[in-house]
Structures are given as C-alpha cells and as structure tokens.
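First the structure, in the form of structure tokens, and then the observations on it.
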C-alpha cells in the first residue's frame, strides 16, 4: 500500500510541478520582445504612466510589485485586457484592499496611462480572544463544552509601516494557553524577491488528546498541572522572484515537556516515552498560485509541495521525514456554473511515530466532508475533493450609510449553491486496531450554501452524508477546496 502513496505523490509533485514551471512568468522583470510584424498586424500600446490612488498607507511599490506590466513596456492590444484583469486579481490577493479597480486612458501615439484605485482595509485588530478549542467548530458544537474555550488578547498589525509586513501578538488563556509573537516582512531587498519571517512562543494546556479510539480523540485532563508544555521558535526565508511562485525555507526549534502521569496513560505519546523531547526541524515549501481569488477561488489553479525533516540528529534521536503535496484546479463552466477539484497526498518515511506529532485526516483543511466528528489517524493518506457550484447571487456591492468609514461601510457579498463529493484513503500501521476508518475507502457527499463577503470572510453551511449513512449539518469558515 505504501507504494500506492509514493506513486500518488509522484504523480502530483512531478507532473503538476512541470506544468507550474512552464506556465510561470516573471512579468515584472520581462522586457517586450514582440516582433515589429506582430506589432503592425495586431496593434500595440506603450505603458506611458501608472497612477495609483486610494493607498493612504500602502507604499506604491507594494502595489506595482503585483502588476503584469511595467512603465515603458510595449504590450499587444489583444493582451491588454488579460494583463489588467490578472493585475487586479494579484493586487486583491495581497489581502490589503477591499476593492481594486484598474482603468486605462489612451493618449497619443499608442501611449496608454494606467489608473489604479484601491480601497484600503482596516489593518490594526486589537480584539479579545474568545474561541473554541477543538479541531473544528463542528467538533466543539457537538459537545458544546464551554470549558473548552480560549480567551485573552490577540493583537494583529497587518500592512505594518505600509510595507505589507505582519506583526502579531497573542496572549491566549483558558483551555489552551498560548503566548506568541510573529513577524513577517515579505521583502527585505531592493528587488523585492526575498523576505523573512520569525515566530516564537510558549503553549501549555490542562487537557491534551492522548489516544484515538473508535476514530475519536480521547483526552487526559489535569486541573492542577499542565500535562504538555511546548516552547517553539522558527526562522523562515521567503523567496518570491515571480509573481505567482514562492519558496519557503524554515529552521525550527521545539522543546516539549510531558508529565509522568500522561506517559503512564499513553506510553506511545512521546518519543521513547521521554518526559522531554527537543529537536530541530527543517521545512521547505514551494507554492505556485494562479487562483483568481485565493480565499474563494472560482478559476485558476494552485499547487504546493512541502518537505519536512523533523529531528536533525543534534538534540535528540527523533528522526521523521514527510512529504505532502496538493493540487487544486478551478474551472468556470459558464456564466454561473463552476467546478473545482483538489487532490492532496502525504507520505511519511516511518510507520511508527510518536502520537503527539503524527497527523492523518480530520484537522483544518485535510478532512472528508461528512466526517467532521472523526479523526482518522495514519502516516500516509490520499484525499480527493470535488465541487460543482452554482452562483445563486452574483457579487453585489452595497454601502451602509450609518457607518462613516469606507473601510467598513462599503461591502460586497455573493452566494453559491454546491454539490460535492469527497474520497480519501488513510494508511495507518500504528493505531488501526482501535479504529475502523483507517485503511478503508472514505466517501462523503452532500449539498452546501456558501456566503462570500469582504475581509476574506467565507461562511459555509453543508449538509453531508458519509459512508456509514450518517447525516449532519456542518458549519465551516473557509473555501471547501
């Protein structure tokens, strides 16, 4: 069976990687190489001037970095519409603006002026933390355990200094305590191709999952102590030479401390039953993103590949290696109908892993719809998601006059009706004795209604049926694929 996952991974990473490389163009570095004959037959424009308005905080170069053309470039008339549309999508996908418009003004002798207008978002978010502490909202809602709530303060400064930098501080108390700081600068060099990110924090919890039985998490709780404590830090180097392609290189350090009582209950929880596990890790990710709107895409494609080496043989003997790759494709069938499909595969080098570090399906995006209440443990998996979509209400823009600031009073919204079917297989060599969903084909299907609005908000209401015939309504807050 492991050969199946190796072949599946190779199919995604090699085949799709070659497509991504072939289609990637660094438009902002390219010069026009259009032949004179082509110019005479089809007509052309010369970009005379690029004017930007509405960016009260954002630096001009952050916006021009996303353009598919530059000042002085010669472009064919038949291509200008496509370049303007892609540039608008690129700027919007920075998540810095609620609205982006690009207009042209033709002057003399094939000269054209480009006018870009943006409506900036609100960037400083100091708000109290009040959130559920579970794998997803539906798992928490099923039990409605109000003791599993987190509270505290979360301070987010987006677009810091107008340079698209991010600065986060988190002070989270309650069920899962976490104190962390994160800083990301997308560009630190003049060419705007290299960025950095720094992350550090401390986490502890009175209750931790210690085993998976009947494909459900079982917890150990100690109200007087913290069974698991974690310190983590990482430094990342980001390389984005082209508009759509990005490389991430990260070096991380983790220090876990486990209570003796926790390891007595679950000997497989830690590495070699150790009360303290410290290790370094290396992480690499390549991302190729050609989606029209990354938070709720309707057209384009997305590809990534992640390589993780946990344990470098310096601090501890922990030695794990995993590769995960995803390819998602989105089609516009006609004016109102859309189709999307996503394939994800993960392969791990070792069949036996410490429980606290291994992951199968049932977390974040990697789950089968209809199985939100389950965790399917495993070391390798393949996941296929499909979605047929109808635009119930096209994008509407509305101004709420009682709100004075444009950052909030001008909104947009749209609704989509969905039919979906998901398929997955999880290979588990470690916990399969007490679980029935691993090493079996998983199937889930149903219908859903999606609301998409400003500030990248997505609210989904799904009615799903799984392989066992179980039915349920589920709520999600991100795009299905």
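In the working numbering, the protein residues as written are 520 to 1000.
Quick reminder that beta carbons are idealized off the backbone N, C-alpha and C, glycines included.
Span of the beta strand (DSSP E) around residue 776: On the chain shown, residue 776 is found 257 positions in, with the first residue counted as 1. Here the beta strand (DSSP E) through residue 776 covers 764-777.
Three-way DSSP call (helix, strand, coil) for residue 613 in this model: Along the chain shown, read from residue 1 onward, the residue named residue 613 stands at position 94. Looking at residue 613 - three-state DSSP - the assignment turns out to be coil, as it is neither helix nor strand.
Only counting the same chain, and skipping five residues up and downstream in sequence, which positions put a Cβ closer than 8 Å to that of residue 580? Sequence index remark: in the chain shown, residue 580 carries index 61 (1-based). Answer for residue 580: 711, listed in chain order.
The alpha helix (DSSP H) with residue 580 in it runs from where to where? Your numbering for residue 580 matches position 61 in the chain shown. From DSSP, the alpha helix (DSSP H) with residue 580 extends over 579-583.
Within the region 839-894, note down every full beta strand (DSSP E) run reaching 3 residues or more, in order along the chain. 839-851, 856-867
Bridge partners for residue 644 per DSSP, in chain order? To locate residue 644, count along the chain shown from 1; it is residue 125. DSSP lists 675 as partners of residue 644.
Relative to the C-alpha of residue 679, which candidate in 689, 701, 866 has its C-alpha closest? Position 160 of the chain shown, counted from the first residue, corresponds to residue 679. Checked all of 689, 701, 866; the closest Cα to residue 679 is 701.
Between residue 643 and the ligand GDP, is there a pair consisting of the residue's CB and a ligand heavy atom that are separated by less than 8 Å? The ligand GDP is absent from the structure shown, which contains no ligand whatsoever.
Between the region 582-591 and the region 764-772, are three or more C-beta pairs nearer than 8 Å? no
Who are the near neighbours of residue 470 in its chain, counting only those whose CB is closer than 8 Å to its CB and skipping five residues on each side? Not covered by the structure: residue 470. The range shown for the chain is 520 to 1000.
Have a look at the DSSP bridge pairing and note the partners of residue 598. Along the chain shown, read from residue 1 onward, the residue named residue 598 stands at position 79. Bridge partners of residue 598: none, in fact.
Sort 846, 618, 564, 576 by Cα distance to residue 469 and report the nearest one. This structure leaves residue 469 out entirely; the chain is present only between 520 and 1000.
Under three-state DSSP, which class holds residue 551? Counted from its first residue, the chain shown places residue 551 at position 32. Only weak support is given to the placement of residue 551: the predicted model assigns it a pLDDT of 44, under 50, and the question is left unresolved by the model.
With respect to the alpha helix (DSSP H) encompassing residue 1017, which residues constitute its N-terminal and C-terminal limits? Residue 1017 falls outside the range modelled here, since the chain spans only 520 to 1000, and no answer is possible.
Give every residue of the same chain whose Cβ lies closer than 6 Å to the Cβ of residue 982, excluding the five residues on either side of it in the sequence, and list them in chain order. Reading the chain shown from its first residue, position 463 is the one you call residue 982. The answer, listed in chain order, is 965, 966, 992.
Looking at the unbroken beta strand (DSSP E) that takes in residue 736, where does it start and where does it end? As a first step, residue 736 must be located in the chain shown, where it is residue number 217. 735-740 is the extent of the beta strand (DSSP E) around residue 736.
Are the region 954-962 and the region 888-897 in contact at 8 Å, needing three or more beta carbon pairs? yes
In the structure shown, what three-state DSSP assignment does residue 920 receive? What you label residue 920 is simply residue 401 of the chain shown in a count that begins at 1. Correct three-state label for residue 920: coil.
Leaving out five residues on either side along the sequence, give the residues of the same chain with a beta carbon under 6 Å from the beta carbon of residue 806. Residue mapping note: residue 806 aligns to position 287 of the chain shown, counting from 1. Here the set comprises 765, 823.
Exposed or buried, what is residue 542 when buried is set at 16 or more other beta-carbons lying within 10 Å of its beta-carbon? By 1-based counting over the chain shown, the position of residue 542 is 23. Note that residue 542 scores 47 on pLDDT, short of 50, meaning its location in the model is unreliable; the coordinates nonetheless yield the value given after this. Exposed, since its Cβ has fewer than 16 Cβ neighbours within 10 Å.
Sort 771, 843, 781, 817 by Cα distance to residue 804 and report the nearest one. As a first step, residue 804 must be located in the chain shown, where it is residue number 285. Taking only the C-alpha atoms, the option nearest residue 804 is 843.
Please classify residue 896: is it buried, with 16 or more other beta-carbons within 10 angstroms of its beta-carbon, or exposed? Stepping through the chain shown from its first residue, residue 896 is reached at position 377. Looking at its Cβ environment, which holds 16 or more other Cβ atoms inside 10 Å, residue 896 is buried.
By DSSP, does residue 952 sit in helix, in strand, or in coil? If you number the chain shown from 1, residue 952 lands on position 433. Three-state DSSP puts residue 952 in a helix.
Return the residue from the list 947, 886, 624 that minimises the CA-CA distance to residue 998. To locate residue 998, count along the chain shown from 1; it is residue 479. Of 947, 886, 624, the residue nearest in Cα terms is 886.
Once DSSP output is grouped into helix, strand and coil, what is the label at residue 944? Taking the first residue of the chain shown as position 1, residue 944 is located at position 425. In the structure shown, residue 944 sits in a strand (DSSP, three-state: E or B).
What do you get for residue 790, buried or exposed, if any count of 16 or more other CB atoms within 10 angstroms of its CB means buried? Here residue 790 refers to the residue found at position 271 of the chain shown. Residue 790 should be labelled buried.
Which whole-angstrom value is the C-beta distance of residue 950 and residue 731, which I expect to be below 8 Å? By 1-based counting over the chain shown, the position of residue 950 is 431. By 1-based counting over the chain shown, the position of residue 731 is 212. Confirmed, Cβ separation roughly 6 Å.
If we count the other Cβ atoms within 10 Å of its Cβ and call it buried at 16 or more, is residue 845 buried or exposed? Looking up residue 845 in the chain shown gives position 326. So residue 845 counts as buried.
For the candidate residues 645, 599, 775, whose alpha-carbon lies nearest to that of residue 625? Indexing the chain shown from 1 puts residue 625 at position 106. Here the closest residue by C-alpha is 599.
With three or more beta-carbon pairs closer than 8 Å as the criterion, would you say the region 905-913 touches the region 930-939? yes
To the nearest angstrom, how far is it from the Cα of residue 671 to the Cα of residue 691? Translated into the one-based positions of the chain shown, residue 671 becomes position 152. Translated into the one-based positions of the chain shown, residue 691 becomes position 172. Cα to Cα, the separation comes out at about 4 Å.
Buried or exposed for residue 960, please, with buried defined as at least 16 other CB atoms from any protein chain shown within 10 angstroms of its CB. Mapped onto the chain shown, residue 960 falls at position 441. By the neighbour-count rule (16 or more Cβ atoms within 10 Å), residue 960 is not buried but exposed.
So, helix, strand or coil for residue 959, using DSSP? Numbered from its first residue, the chain shown carries residue 959 at position 440. Residue state, collapsed to three classes: coil.
Grab me the residues of residue 919's own chain with a C-beta within less than 6 Å of its C-beta, minus the 5 sequence neighbours each way, in chain order. Taking the first residue of the chain shown as position 1, residue 919 is located at position 400. The residues are 928.
Enclosing beta strand (DSSP E) for residue 477 [first to last residue]: In the structure as shown, the chain starts at 520 and stops at 1000, and residue 477 therefore has no counterpart that could be examined.
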